[in-house]
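Structure, as structure tokens:
Chains as they are written, first to last, in the working numbering: chain A, 24 to 162; chain B, 24 to 162; chain C, 24 to 162.
This is the structure in structure tokens:
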């Protein structure tokens, strides 16, 4: 059985944001597929998806601080600069973190750990709405 | 056809560890599914999974050395510090490396390259036992 | 429905290269599977796959420049040095970027964003031909 839905996430500020609930709403009643996999794919090259701690918001703030230092803006050797200082670093961060997550479905529910949540990683200053494709398949 | 199993890995020291055989044992006889995909998902935010060289153990030692330098402990700008110096870096490393791997199944076997193996990346000093969900689907 | 094909990519120079068209040729007529997922897996530990901007080639040039700085060669603490200066950094880069990509299939086509393409990330100076496994499943 396959279910697939493309949704637009509301615009977020630059940084890391929990979107687990929006994904769960997109797929609706979880019980139809008992055993399977959920795949979420972001259709952009300057934002990304990852899974990390869903509780303390300082983790998400520290992610933004760390990645801004690890992938600095305005390096003199960057050639792709015409879309703004935040653009090329956004491309780099999006490939380091990746455009998709895969999560097992067990007994009709997302089988993540207690402290896991899905992050939208918004790497642009004004990224606007982001589109994701949620695919569920299983039996 | 779907097969799914959740297993607990024995506690490992901080560092990078080959777990290919444990995954193969979890899924049992490989021949039932001829063509498909294996997905392995770790249910934690301070450990991760990756695929890399399965032979020379100095590669895994160098991974630990490199990531400790790339994601240092005790940076003055970290806010999430109350769980210990190794905690926030562990969250960052786990998102850089990622919580899951996907491997094709061909002719009833994991179709990895000769030198590829699955690593458990243990980023905490005392991470304890880690739970992974192994999902196989195919025909 | 499952389709799986292993193909050899022609040798590329060290750097980042668009291979979307080679993947599309490998899977042939896209219309057979209307809704599903495409998975691409690289069978090597010193090359990797990612998804990023498919237009301006300076993005790919900047990726090479950035990752060479982020993962330098000849660090004095590296132990795995006998395969050349480019080898251990290649292993590290390949785990940071990852060995696989997953892309949704919608209405019989790869459902990527307008600006997304699949990159072969060749991290060795002379990596030679690289083998990838393309798996499509859906309905």
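All C-beta atoms, glycine included, are put in the ideal place defined by N, C-alpha and C.
| query | Just to confirm, are residue 27(A) and residue 64(B) a CB contact at a threshold of 8 Å? | reply | Position 4 of the first chain, counted from the start, is the residue given in the question as residue 27(A). Position 41 of the second chain, counted from the start, is the residue given in the question as residue 64(B). Contact: no.
| Nearest-angstrom Cα distance between residue 142(B) and residue 39(B)? | As a position in the second chain, residue 142(B) is number 119, starting the count at 1. As a position in the second chain, residue 39(B) is number 16, starting the count at 1. Residue 142(B) and residue 39(B): Cα-Cα distance of roughly 6 Å.
| query | What residues from chain C crowd round residue 156(A), counting only those whose CB sits closer than 8 Å? | reply | Here residue 156(A) refers to the residue found at position 133 when the first chain is read from its first residue. Correct list: 127, 129 and 134.
| task | Please name the residue, chosen from 41(C), 92(C), 49(C) and 25(C), that lies closest to residue 59(B) on a Cα-to-Cα basis. | result | Translated into the one-based positions of the second chain, residue 59(B) becomes position 36. Of the listed residues, the one whose Cα sits closest to residue 59(B) is 25(C).
| said: Using only CA atoms, which one of 158(B), 110(B) and 96(B) lies nearest to residue 149(B)? | reply: Sequence index remark: in the second chain, residue 149(B) carries index 126 (1-based). Here the closest residue by C-alpha is 110(B).
| message | Could you check whether the segment 85–99 of chain A touches the segment 126–139 of chain A, counting it as contact only if at least three pairs of C-beta atoms, one from each stretch, sit closer than 8 Å? | response | no
| query | If you run the structure through DSSP and keep just helix, strand and coil, what is residue 145(B)? | reply | Start at 1 with the first residue of the second chain, and residue 145(B) comes out as number 122. Residue 145(B) falls in the strand class under three-state DSSP.
| query | In chain C, what lies closer than 7 Å to residue 163(A) by C-beta? | reply | The requested residue 163(A) is not part of the displayed model; chain A covers only 24 to 162.
| Alpha carbon to alpha carbon, what distance is there between residue 131(A) and residue 61(A)? | Looking up residue 61(A) in the first chain gives position 38. Looking up residue 131(A) in the first chain gives position 108. Answer to the nearest angstrom: the Cα atoms are 11 Å apart.
| Who are residue 40(C)'s beta bridge partners in DSSP? | As a first step, residue 40(C) must be located in the third chain, where it is residue number 17. In DSSP, residue 40(C) forms a bridge with 143(C).
| query | alpha helix (DSSP H) containing residue 91(B): first to last residue? | reply | Sequence index remark: in the second chain, residue 91(B) carries index 68 (1-based). Start and end: 80–93.
| message | Counting beta carbon pairs with one atom in the segment 112–120 of chain A and one in the segment 41–51 of chain A, are three or more of them shorter than 8 Å? | response | no
| query | According to DSSP, is residue 114(A) helix, strand or coil? | reply | The residue labelled residue 114(A) in the question sits at position 91 within the first chain. If DSSP states are grouped into helix, strand and coil, residue 114(A) belongs with the helices.
| Which residue from 50(B), 82(B) and 32(B) puts its Cα closest to that of residue 67(B)? | Sequence index remark: in the second chain, residue 67(B) carries index 44 (1-based). For the residues 50(B), 82(B) and 32(B), the minimum Cα distance to residue 67(B) belongs to 32(B).
| task | Classify residue 102(A) as helix, strand or coil using the three-state DSSP reduction. | result | For this step, residue 102(A) is matched to residue 79 along the first chain. Of the three classes helix, strand and coil, the one that applies to residue 102(A) here is coil, per DSSP.
| message | On a Cα-Cα basis, can you pick out the residue from 35(C), 36(C), 37(C) and 51(C) that is closest to residue 159(C)? | response | Position 136 of the third chain, counting from 1, holds the residue named residue 159(C). Checked all of 35(C), 36(C), 37(C) and 51(C); the closest Cα to residue 159(C) is 51(C).
| request: State the CB to CB distance for the pair residue 78(B) and residue 157(B), rounded to an integer number of angstroms; the pair is presumed to be in contact (CB under 8 Å). | output: If you number the second chain from 1, residue 78(B) lands on position 55. If you number the second chain from 1, residue 157(B) lands on position 134. Actually they are not in contact, since the Cβ atoms of residue 78(B) and residue 157(B) sit about 23 Å apart, beyond 8 Å.
| request: Indicate whether residue 121(C) and residue 73(C) have their beta-carbon atoms separated by less than 8 Å. | output: As a first step, residue 121(C) must be located in the third chain, where it is residue number 98. As a first step, residue 73(C) must be located in the third chain, where it is residue number 50. Yes, Cβ-Cβ distance for residue 121(C) and residue 73(C) is below 8 Å.
| message | Give me the DSSP bridge partner(s) of residue 25(A). | response | Locating residue 25(A) in the first chain gives position 2, counting from the first residue. According to DSSP, residue 25(A) bridges with 160(A).
| task | Could you please give me the residues that DSSP links to residue 70(C) through a beta bridge? | result | Counted from its first residue, the third chain places residue 70(C) at position 47. Answer is 145(C), bridged to residue 70(C).
| task | For residue 114(A), go through chain C and note every residue whose CB falls closer than 9 Å to its CB, in chain order. | result | Walking along the first chain from the start, residue 114(A) turns up at place 91. Residues of chain C passing the Cβ test: 75, 76, 82, 85 and 86.
| chain C beta carbons: is any one of them nearer than 8 Å to that of residue 139(A)? | Counting from 1 along the first chain, the entry for residue 139(A) is found at position 116. No, its Cβ sits nowhere closer than 8 Å to a Cβ of chain C.
| Would you say residue 70(A) and residue 144(A) are within 8 Å of each other, going by their C-beta atoms? | Reading the first chain from its first residue, position 47 is the one you call residue 70(A). Reading the first chain from its first residue, position 121 is the one you call residue 144(A). Yes, the Cβ-Cβ distance between residue 70(A) and residue 144(A) is below 8 Å.
| Rounded C-alpha distance that separates residue 35(B) from residue 102(A) | The residue labelled residue 35(B) in the question sits at position 12 within the second chain. The residue labelled residue 102(A) in the question sits at position 79 within the first chain. About 43 Å.
| task | Could you confirm whether any beta carbon from chain B is found closer than 8 Å to the beta carbon of residue 58(A)? | result | The sequence position of residue 58(A) within the first chain is 35, counting from 1. Interface residue, yes.
| query | Which term fits residue 123(C), buried or exposed, when burial requires 16 or more other beta carbons within 10 angstroms of its beta carbon? | reply | Here residue 123(C) refers to the residue found at position 100 of the third chain. Flag for residue 123(C) reads buried.
| request: Using a Cβ cut-off of 9 Å, pull out every chain C residue sitting near residue 38(B), in sequence order please. | output: Walking along the second chain from the start, residue 38(B) turns up at place 15. Within 9 Å Cβ-Cβ: nothing; residue 38(B) doesn't reach chain C, min ~13 Å.
| So residue 30(A) and residue 155(A) are in contact, right, with Cβ under 8 Å, and what is the actual spacing, rounded? | Taking the first chain and counting its residues from 1, one reaches residue 30(A) at position 7. Taking the first chain and counting its residues from 1, one reaches residue 155(A) at position 132. Rounded, the Cβ-Cβ distance is 6 Å, consistent with contact.
| said: Bridge partners for residue 59(B) per DSSP, in chain order? | reply: For the purposes of this step, residue 59(B) is taken as the residue at position 36 of the second chain. In DSSP, residue 59(B) forms a bridge with 128(B) and 161(B).
| query | For chain C, is any of its Cβ atoms less than 8 Å away from the one on residue 119(B)? | reply | Within the second chain, numbered from 1, the residue matching residue 119(B) stands at position 96. Closer than 8 Å to some Cβ of chain C, the Cβ of residue 119(B) qualifies, so yes.
| task | Mind listing the chain B neighbours of residue 62(C)? Cutoff is C-beta to C-beta under 8 Å, in chain order. | result | Working through the third chain from its first residue, we reach residue 62(C) at position 39. Here the neighbours are 60, 125 and 127.
| field | Closer than 7 Å at the beta carbon, the chain A residues around residue 122(B) | value | Along the second chain, one-based indexing puts residue 122(B) at 99. Near residue 122(B) (Cβ distances below 7 Å), the residues of chain A are 74.
| message | Just verifying my parser: in three-state terms, what is the DSSP assignment at residue 96(A)? | response | Position 73 of the first chain, counted from the start, is the residue given in the question as residue 96(A). Three-state result, residue 96(A): coil.
| field | Buried/exposed call for residue 161(C), threshold 16 Cβ in 10 Å | value | Here the question's residue 161(C) lines up with position 138 in the third chain. Residue 161(C) is buried by the Cβ-count criterion.
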